[in-house]
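Asker: The numbering of the sequence shown is the numbering used here, which starts it at 122 and goes up by one.
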Amino acid sequence: MSGDDAREEAFFQAFGRLGGAIGGVPAKLSSQSLLSVPSVREMNSAFVHAIAENWRTMPPWHNIASSQSPGDGPEADVGSPASAHQRRVDTPVAPQEPEAEDSPELPTNLAARNGEWNLPGLMEVTPVNSAADRMVSGPLRASGATVADGQAVTMVNLTHHSQALIIDKFNTAATTEVRPLEQDMGCRLVLNFPRVLYGILVFFSLAQCGMMVALPVLGYVASVGYSFAMTASVLYSLSATICIYLLRRSLSSDDLAAAMSNLHMFVAQCTVHWKRLSAREAHRLAVVWVLLVIAFALCHALEEWKVQAGLTLMPKGAEDIKILRHVVSVMSVLSFCISSAMVVMVSYVQSHLLLGMDKSLDCWCCIILEAGDFQVGVESWNALQAMLKSIGRELASSFLAAQLLGAVGFVYFLTSCVTYAFQSSFAPDQVLMEACSAVPLLCLFGLGLRVFSHGAALTEKCRVIPSFVNQIPSEEVIDPERQYLVRFVSDSAAGFFVGDVRLTREMFLKNFIIVGGVLSGLVGVLSRIDI
122 MSGDDAREEA
132 FFQAFGRLGG
142 AIGGVPAKLS
152 SQSLLSVPSV
162 REMNSAFVHA
172 IAENWRTMPP
182 WHNIASSQSP
192 GDGPEADVGS
202 PASAHQRRVD
212 TPVAPQEPEA
222 EDSPELPTNL
232 AARNGEWNLP
242 GLMEVTPVNS
252 AADRMVSGPL
262 RASGATVADG
272 QAVTMVNLTH
282 HSQALIIDKF
292 NTAATTEVRP
302 LEQDMGCRLV
312 LNFPRVLYGI
322 LVFFSLAQCG
332 MMVALPVLGY
342 VASVGYSFAM
352 TASVLYSLSA
362 TICIYLLRRS
372 LSSDDLAAAM
382 SNLHMFVAQC
392 TVHWKRLSAR
402 EAHRLAVVWV
412 LLVIAFALCH
422 ALEEWKVQAG
432 LTLMPKGAED
442 IKILRHVVSV
452 MSVLSFCISS
462 AMVVMVSYVQ
472 SHLLLGMDKS
482 LDCWCCIILE
492 AGDFQVGVES
502 WNALQAMLKS
512 IGRELASSFL
522 AAQLLGAVGF
532 VYFLTSCVTY
542 AFQSSFAPDQ
552 VLMEACSAVP
562 LLCLFGLGLR
572 VFSHGAALTE
582 KCRVIPSFVN
592 QIPSEEVIDP
602 ERQYLVRFVS
612 DSAAGFFVGD
622 VRLTREMFLK
632 NFIIVGGVLS
642 GLVGVLSRID
652 I
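1) Under the three-state reduction of DSSP, which class applies to VAL607: helix, strand or coil?
2) Looking at VAL465 and TRP502, is the spacing between their C-beta atoms short of 9 Å?
3) Use the C-beta contact count for CYS487: other C-beta atoms within 10 angstroms, 16 or more gives buried, fewer gives exposed.
4) My understanding is that ASP376 touches SER511, with C-beta atoms under 8 Å, so please give their C-beta distance in whole angstroms.
5) So ALA517 and ILE363 are supposed to be a Cβ contact under 8 Å. How far apart are they, rounded?
6) Ignore the nearest five residues each way along the sequence and tell me which others in GLU581's own chain have a CB closer than 6 Å to its CB.
7) Residues bridged to VAL622 by DSSP?
8) Could you check if PRO561 is buried or exposed, using at least 16 other CB atoms within 10 Å of its CB as the buried criterion?
9) Relative to the C-alpha of GLY530, which residue among MET351, SER450, VAL451 and LEU475 is closest?
10) If you pair each beta-carbon of the segment 326-345 with each one of the segment 449-458, do three or more pairs fall below 8 Å?
11) Rounded to whole angstroms, what is the Cα-Cα separation between TYR541 and VAL585?
12) What are the uninterrupted segments assigned as alpha helix (DSSP H) that are 4 or more residues long and contained completely in the segment 373-412, given in chain order?
13) Where do the N-terminal and C-terminal ends of the alpha helix (DSSP H) with ILE321 fall, by residue?
14) Where do the ends of the alpha helix (DSSP H) carrying ILE593 lie?
15) Rounded to the nearest angstrom, what separates ALA389 and LEU630 at their Cα positions?
16) Assuming GLY513 is part of the alpha helix (DSSP H), what are its boundary residues?
17) Distance check for VAL552 and PHE314, CA to CA, integer angstroms please.
18) Do SER481 and LEU445 come within 9 Å of each other at the CB atom, strictly closer than that value?
19) Compute the Euclidean distance between the alpha carbons of ALA416 and ASP494, then round it to the nearest angstrom.
20) Taking 9 Å as the threshold (beta carbon to beta carbon), is CYS486 in contact with chain D?
21) Is TYR357 helix, strand or coil when you go by DSSP?
22) Quick one, which of ALA548, VAL532 and ALA556 has its alpha-carbon nearest GLY638's?
23) Can you tell which of ALA430, GLU425 and GLU597 has its C-alpha closest to the C-alpha of LYS443?
24) Just the C-alpha distance for ALA578 and LEU624, rounded to the nearest angstrom, thanks.
25) Work out the CA separation of HIS473 and SER558 for me, nearest whole Å.
26) Can you tell me which of the three DSSP states GLY431 falls into?
27) Would DSSP call ASP305 helix, strand or coil?
28) Determine the contact status of LEU419 and GLY576, defining contact as a CB-CB distance below 9 Å.
29) By the 10 Å Cβ neighbour count, where 16 or more other Cβ atoms means buried, how is SER546 classified, buried or exposed?
30) Once DSSP output is grouped into helix, strand and coil, what is the label at ALA343?
31) Could you have a look at ILE599 and say whether DSSP puts it in helix, strand or coil?
32) Within the continuous alpha helix (DSSP H) that includes PHE457, where are the two ends?
33) Check for me: the alpha helix (DSSP H) holding ALA556 runs from which residue to which?
34) According to the Cβ coordinates, are PHE534 and ALA556 closer than 9 Å?
35) Rounded to whole angstroms, what is the Cα-Cα separation between ARG401 and LEU568?
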């Protein structure tokens with residue numbers, strides 16, 4: 122026998138003892154086997170052979186309930202009653218094709234087995250009686266989480282129903298007459314928003330669009346700054362109408378109400394001053410709204426000054442145009458006051474909920490650190506990640522609408538500035554004067570980035586939680602329960618989702634890279650100015 126054959130034979134003997142360890146007998150490697158170090162390929166091959174040899178004598182489902190006594194629990198339901206308990210592990214069994222009575226079957230008493238197993242998050246299952254009930258059965262149907270008639274059975278729908286069931290299962294908040302959403306000022310304002318304002322905003326938007334078309338027909342040539350102001354008024358009206366409608370529909374859903382109950386429960390356990398953080402955000406946005414109204418009024422005042430100074434050409438004897446312009450300015454300011462307040466309110470509600478979810482993660486980490494019970498961490502994280510995904514799913518529509526309208530305003534600003542720079546032969550003072558009227562458009566884009574940053578911060582905190590759990594001190598050096606919780610948290614992929622896309626800090630930074638690239642191109646064009 123050559124040296125390589127002897128080394129391989131010694132290594133297979135060592136893994137033969139490892140096969141005994143897998144079956145329940147501890148294995149110890151001798152000093153002779155430790156002298157020769159095989160390659161990774163040889164170790165993998167020997168390990169596969171040892172596992173296959175061990176499974177020939179013991180079915181892979183044998184250890185499901187090995188700690189229970191014969192006749193109890195799930196072991197009594199696997200295979201036939203006579204062969205399942207009289208078969209000995211140490212007795213070699215010749216390889217043969219599995220018969221019907223030796224194959225694992227799905228028992229009918231699943232409810233009793235679930236109670237005996239007592240696994241975290243294991244749901245009670247009822248037998249499926251018909252093809253129509255295969256989609257949702259048991260507690261899903263009892264809790265009302267059923268699929269609508271005609272709705273396609275997809276993984277997305279199943280995920281939504283699973284999250285709703287998890288939230289209902291772990292929702293231990295006391296039932297009160299006041300809904301959790303109505304306890305928050307911003308959510309209460311959105312839910313009680315008067316419908317008559319929708320009609321007023323739509324009327325103002327249509328009137329402004331009509332007058333913007335009528336003025337050029339009458340011979341008035343609007344400046345770029347005036348077009349910025351009118352575009353801002355229309356975009357704010359559209360954003361307010363669409364976002365308020367989508368957000369109000371989301372806040373009226375039962376899934377969001379149940380998720381908000383869980384959110385208040387998680388935050389209350391650590392007495393985090395969520396309201397203080399939310400009030401600070403509300404004060405900042407209130408200041409932003411006041412500055413927005415002042416900036417918009419100054420834009421129209423600047424346009425009047427340019428007309429009086431002769432910087433904007435007016436047809437001679439066009440008194441009707443002046444009256445029409447004044448009417449448009451008054452309507453624009455009134456419309457902007459209402460629509461900008463609604464846009465700021467939507468941003469506040471989204472930021473309020475995202476800050477609450479962020480603080481719920483802090484509360485969960487505090488609970489796990491103090492309790493040190495990783496099994497409780499598995500159950501509570503299951504409810505927490507379902508709550509995060511449920512709230513994010515409900516906010517996705519209004520969030521996406523606000524982001525798109527803000528991006529449209531920003532693109533219009535850049536395009537108009539570059540075009541006017543070429544038309545004005547790169548006159549710096551004229552370009553800067555016209556660009557000052559675009560402050561409301563930039564603020565609309567900035568409000569979207571503000572909410573985007575909160576969502577990205579939430580996802581980033583979810584990504585660092587596994588490392589936090591991994592460093593929690595434990596009595597055991599290698600703690601399987603802690604490692605299971607680490608993998609459970611990591612595999613749950615929690616965060617802030619818009620559709621199937623999880624918003625991350627990398628995506629947030631890419632927005633600045635794109636904006637920086639566009640602005641650098643604009644600066645490169647303006648740098649060609651010959652001073």
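Ideal Cβ placement from N, Cα and C applies to all residues, glycine included.
Given the structure is predicted, the values throughout are model-derived calculations rather than measurements.
Answerer: If we stick to the structure as given:
1) Residue mapping note: residue 607 aligns to position 486 of the sequence shown, counting from 1. It is helical.
2) As a position in the sequence shown, residue 502 is number 381, starting the count at 1. As a position in the sequence shown, residue 465 is number 344, starting the count at 1. Contact: no.
3) On the sequence shown, residue 487 is found 366 positions in, with the first residue counted as 1. It is exposed - the Cβ of CYS487 has fewer than 16 other Cβ atoms within 10 Å.
4) Residue mapping note: residue 376 aligns to position 255 of the sequence shown, counting from 1. Residue mapping note: residue 511 aligns to position 390 of the sequence shown, counting from 1. So it is a contact: roughly 5 Å between Cβ atoms.
5) Against the sequence shown, residue 517 aligns to sequence position 396. Against the sequence shown, residue 363 aligns to sequence position 242. With a Cβ gap of about 14 Å, ALA517 and ILE363 do not count as contacting.
6) Residue 581 sits at position 460 when you count from the first residue of the sequence shown. Taken in chain order, the residues that qualify are ARG626.
7) One-based indexing of the sequence shown puts residue 622 at position 501. Its beta-bridge partners are VAL619.
8) Counting from 1 along the sequence shown, the entry for residue 561 is found at position 440. Its Cβ being crowded by 16 or more others within 10 Å, PRO561 is buried.
9) Locating residue 530 in the sequence shown gives position 409, counting from the first residue. Nearest C-alpha to GLY530: MET351.
10) Flag = yes, the segment 326-345 and the segment 449-458 touch.
11) Taking the first residue of the sequence shown as position 1, residue 541 is located at position 420. Taking the first residue of the sequence shown as position 1, residue 585 is located at position 464. Their backbone Cα atoms lie some 47 Å apart in a straight line.
12) Annotation note: the segment 373-412 contains the following uninterrupted alpha helix (DSSP H) runs of length 4 or greater, listed N- to C-terminal: 375-390.
13) Within the sequence shown, the letter at position 200 stands for residue 321. Looking at the DSSP string, the run of the alpha helix (DSSP H) that includes ILE321 is 317-338.
14) By 1-based counting over the sequence shown, the position of residue 593 is 472. ILE593 -> no alpha helix (DSSP H), and no H or E assigned at all.
15) Position 268 of the sequence shown, counting from 1, holds the residue named residue 389. Position 509 of the sequence shown, counting from 1, holds the residue named residue 630. In a straight line, the C-alpha of ALA389 is about 33 Å away from that of LEU630.
16) As a first step, residue 513 is located in the sequence shown; it is residue number 392 there, counting from the start. Counting along the chain, the alpha helix (DSSP H) containing GLY513 begins and ends at 495-544.
17) Counted from its first residue, the sequence shown places residue 314 at position 193. Counted from its first residue, the sequence shown places residue 552 at position 431. Whole-angstrom Cα-Cα distance: 40 Å.
18) Along the sequence shown, read from residue 1 onward, the residue named residue 445 stands at position 324. Along the sequence shown, read from residue 1 onward, the residue named residue 481 stands at position 360. Not in contact: LEU445 and SER481 (Cβ atoms no closer than 9 Å).
19) Reading the sequence shown from its first residue, position 295 is the one you call residue 416. Reading the sequence shown from its first residue, position 373 is the one you call residue 494. Between ALA416 and ASP494, the C-alpha separation is close to 55 Å.
20) Absent from the structure is chain D; it holds one protein chain and no more.
21) Here the question's residue 357 lines up with position 236 in the sequence shown. Note: TYR357 maps to helix in three-state DSSP.
22) If you number the sequence shown from 1, residue 638 lands on position 517. Closest option to GLY638, Cα to Cα, is VAL532.
23) As a working mapping, residue 443 is identified with position 322 in the sequence shown. When only C-alpha atoms are compared, the closest one is GLU425.
24) Locating residue 578 in the sequence shown gives position 457, counting from the first residue. Locating residue 624 in the sequence shown gives position 503, counting from the first residue. Taking the straight line from one Cα to the other gives about 9 Å.
25) For the purposes of this step, residue 558 is taken as residue 437 along the sequence shown, with counting starting at 1. For the purposes of this step, residue 473 is taken as residue 352 along the sequence shown, with counting starting at 1. Their backbone Cα atoms lie some 30 Å apart in a straight line.
26) Here residue 431 is taken as the residue at index 310 of the sequence shown, counted from 1. Coil.
27) Along the sequence shown, one-based indexing puts residue 305 at 184. In this structure, ASP305 counts as coil in the three-state DSSP scheme.
28) Your numbering for residue 419 matches position 298 in the sequence shown. Your numbering for residue 576 matches position 455 in the sequence shown. No, the pair does not count as a contact, with Cβ atoms beyond the cut-off.
29) On the sequence shown, position 425 is the one that residue 546 refers to. Its Cβ having fewer than 16 others within 10 Å, SER546 is exposed.
30) Residue mapping note: residue 343 aligns to position 222 of the sequence shown, counting from 1. Here ALA343 sits in coil by DSSP.
31) On the sequence shown, residue 599 is found 478 positions in, with the first residue counted as 1. If DSSP states are grouped into helix, strand and coil, ILE599 belongs with coil.
32) The residue given as residue 457 occupies position 336 in the sequence shown. Element bounds for PHE457: 440-492.
33) By 1-based counting over the sequence shown, the position of residue 556 is 435. Note, ALA556: alpha helix (DSSP H), 549-556.
34) As a first step, residue 534 must be located in the sequence shown, where it is residue number 413. As a first step, residue 556 must be located in the sequence shown, where it is residue number 435. A contact, by the Cβ cut-off of 9 Å.
35) Mapped onto the sequence shown, residue 401 falls at position 280. Mapped onto the sequence shown, residue 568 falls at position 447. So the two alpha carbons sit approximately 16 Å from each other.
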